[in-house]
Amino acid sequence: MADILLVVGVTLLVAFVFGEALERVGEPALVGEIIAGLVLGPSIIGLIDYDETFAVFGIIGAMLLFFDIGYEHLDLTELLSVGSAAVSIALFGMIIPAGTGLALGLAFDYSVTESAFLALALSVTSIAVTARTLLDLHQLDSRVGHRVVGAAVVDDIVGLVAFALLLLAVSGGGTIEAVTTLGQVIGFFALAVIARFAVIQQLSSLLARSRQIEADILALFGVVFLVSFSAEAVGLDVTLGALMIGLLVGEDERLSRLEVREGIAGIAYGMFIPLFFAGVGAQIDLRVLTTLDTFVIAVVTFGLAAKFVGGFIGNLIAGGDVHESAAIGVGMTPKAGVELAIISAALAEGLISIRLFSAIAALVLVSVLISPSLLQAVLNRTNSPE
10 MADILLVVGV TLLVAFVFGE ALERVGEPAL VGEIIAGLVL GPSIIGLIDY
60 DETFAVFGII GAMLLFFDIG YEHLDLTELL SVGSAAVSIA LFGMIIPAGT
110 GLALGLAFDY SVTESAFLAL ALSVTSIAVT ARTLLDLHQL DSRVGHRVVG
160 AAVVDDIVGL VAFALLLLAV SGGGTIEAVT TLGQVIGFFA LAVIARFAVI
210 QQLSSLLARS RQIEADILAL FGVVFLVSFS AEAVGLDVTL GALMIGLLVG
260 EDERLSRLEV REGIAGIAYG MFIPLFFAGV GAQIDLRVLT TLDTFVIAVV
310 TFGLAAKFVG GFIGNLIAGG DVHESAAIGV GMTPKAGVEL AIISAALAEG
360 LISIRLFSAI AALVLVSVLI SPSLLQAVLN RTNSPE
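In this note's numbering, each residue's number is its place in the sequence shown (first place is 1) plus 9.
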């Protein structure tokens, strides 16, 4: 117990110092939190061991971040209104990087299976990095914010389902297993629709009659954890469950007036969310930079470029202008949680080589360090008067 208290305490203070330093030079604090984890992680100091205990803090941070985003900063009606645009951005933002990854893998003599994993890793987006950057820049509730978040959610859903199906195909799973996987995902979202119209209002009415102090926060935390668990159980990410509950709670007239955020913002942004981003940094191994060769450089370069081009073209087709499309293209480039989970699982199963793992890890490292600053610069340029 004493060890984890030391690790958390040091991580929070170092994340604060690094975040403050970067804010003072005009860069997002979130980059400082990621760098803090990188410095304290196995690559340099070795204080943070991203084991189960520390990972729990990070998962809670991710859940609280997305619950807050859905509850406080996004409107479900407005988010649904950009559905076609989000699908266009997600579609091109996955097809172009996936095609690039498949071509790169085959060009460097990797098997079709390994090339498929590379294609999948290049096609998904880390919604956490982009959403936090947009939140810090007060752009999350803008048209760009809605389109990026909507597209990233579609990315994550399709990417995670594709990963599950790819694992089934490689392991020899049959049609029944594939149909079951798809059915679980569809059932999860069907229950969410039912909850929007039948459950949330009833829960709100029940909580209104409670005599307990902070009954709303207590009950909502329980619901967030259960729905996040359900999302992970069907092969999705916990953040999608938390985001969904935040959106649904924000739609309820009574719960939206309660300012539930006041009960979670302090501890969420003061502790758990910085630990989540520090955990992202701690999972990145700087030793991948010692393996830099033509393949690794190609994956990083073409991986970032393909994701940008995909988001850019997708938004242009959806009616966006060049400046907005550039912001969305940059917003779709970060890679972290989902990608690390995919390649780590594939490596553990012996489905990809250590060289391929290192190439994707290098892409994650570069993307999480440069994307927030690039997105801030592009948005500042987009929003500045001509």
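Note that CB positions come from ideal geometry on N, CA and C, so glycine has one too. A quick note: this is a predicted structure, and the numbers were derived from the prediction, not measured.
Proximity to residue i [Cα-Cα], best of the options
i: L129; options: A171, A204, V153; result: A171
i: M72; options: V167, L365, E241, V373; result: E241
i: F101; options: S334, A371, F366; result: S334
i: T109; options: L378, A125, L349, Q148; result: A125
i: A259; options: G231, S214, G288, R205; result: Looking at the sequence itself, residue 259 is Gly, so the reference to Ala does not match. Closest option to G259, Cα to Cα, is R205.
i: A277; options: A350, F76, L22, A217; result: F76
i: P283; options: I43, L15, L14, D12; result: I43
i: T248; options: S367, I68, A160; result: I68
i: Y237; options: F25, I254, A307, D150; result: Position check: residue 237 holds Ser in this sequence, whereas Tyr was assumed. That would be I254, whose Cα lies nearest to the Cα of S237.
i: S93; options: I306, H155, V194; result: H155
i: A173; options: I363, L374, I352, A386; result: I352
i: I326; options: E29, A95, D60, V23; result: A95
i: S135; options: D150, L127, D164; result: D164
i: E262; options: L301, V305, I209; result: I209
i: L374; options: V23, L356, D58, V308; result: V308
i: L15; options: D58, M341, T189, A355; result: D58
i: L115; options: A386, L365, V377; result: L365
i: R390; options: S132, V331, T342, V17; result: V331
i: I13; options: F66, E32, G35; result: F66
i: L313; options: L131, G41, I361, E87; result: L131
i: I306; options: L56, F117, I53; result: F117
i: L245; options: G192, T86, F304, F27; result: G192
i: I54; options: A224, L295, A350, L257; result: L295
i: P106; options: I322, S367, L356; result: I322
i: A64; options: V26, V17, E32; result: V17
i: I166; options: V233, A137, G35, V133; result: V133
i: V289; options: L169, G70, R266, V34; result: G70
i: T86; options: A217, L256, S380, A357; result: L256
i: R266; options: E36, A45, F27, Y80; result: Y80
i: T299; options: S367, A350, P343, A357; result: S367
i: P51; options: V34, A287, I78; result: A287
i: L216; options: G35, V26, G231; result: G231
Distance between beta carbons of residue j and residue i, contact taken as under 8 Å
i: A345; j: L384; result: Not confirmed; about 14 Å, so no contact.
i: V158; j: L83; result: 7 Å
i: F317; j: V339; result: 6 Å
i: F285; j: L144; result: Contact doesn't hold; Cβ gap of about 13 Å is too wide.
i: L49; j: A370; result: Their Cβ separation, rounded to whole angstroms, is 18 Å, which puts L49 and A370 out of contact at 8 Å.
i: I98; j: A160; result: 4 Å
i: A228; j: L212; result: 7 Å
i: L378; j: L146; result: About 17 Å; that fails the 8 Å criterion.
i: A38; j: E32; result: 5 Å
i: M103; j: G328; result: Going by Cβ atoms, the distance from M103 to G328 rounds to 20 Å, so no, they are not a contact pair.
i: D225; j: L264; result: 7 Å
i: I363; j: A355; result: 11 Å between Cβ atoms; not a contact.
DSSP state of residue i mapped onto helix, strand, coil
i: H147; result: coil
i: Q292; result: coil
i: L15; result: helix
i: D58; result: coil
i: D261; result: coil
i: Y278; result: helix
i: T20; result: helix
i: L73; result: helix
i: A204; result: helix
i: P394; result: Bear in mind that a pLDDT of 47 at P394, under 50, signals an unreliable position, so the number given afterwards is only what the model happens to contain. Three-state DSSP puts P394 in coil, outside helix and strand.
i: M341; result: coil
i: Q221; result: coil
i: F321; result: helix
i: E36; result: coil
i: G28; result: helix
i: P327; result: The sequence shown places Ala at residue 327, rather than the Pro named in the question. Coil.
i: G244; result: coil
i: F117; result: coil
i: P51; result: coil
i: I361; result: coil
i: L301; result: coil
Below-8 Å beta-carbon distance, residue i vs any chain C residue
i: P106; result: Given the protein chain composition of this structure (a single chain), no chain C is represented.
Residue i: CB within 7 Å of a non-hydrogen atom of the ligand NAD
i: L89; result: Ligands in the displayed structure: none, and consequently the ligand NAD is not present.
Report the residue ranges of all alpha helix (DSSP H) runs contained in full by the region 75-103; include only those spanning at least 4 residues, in chain order. 85-90
Every unbroken alpha helix (DSSP H) inside the region 122-181 [4 residues or more]: 136-145, 152-180
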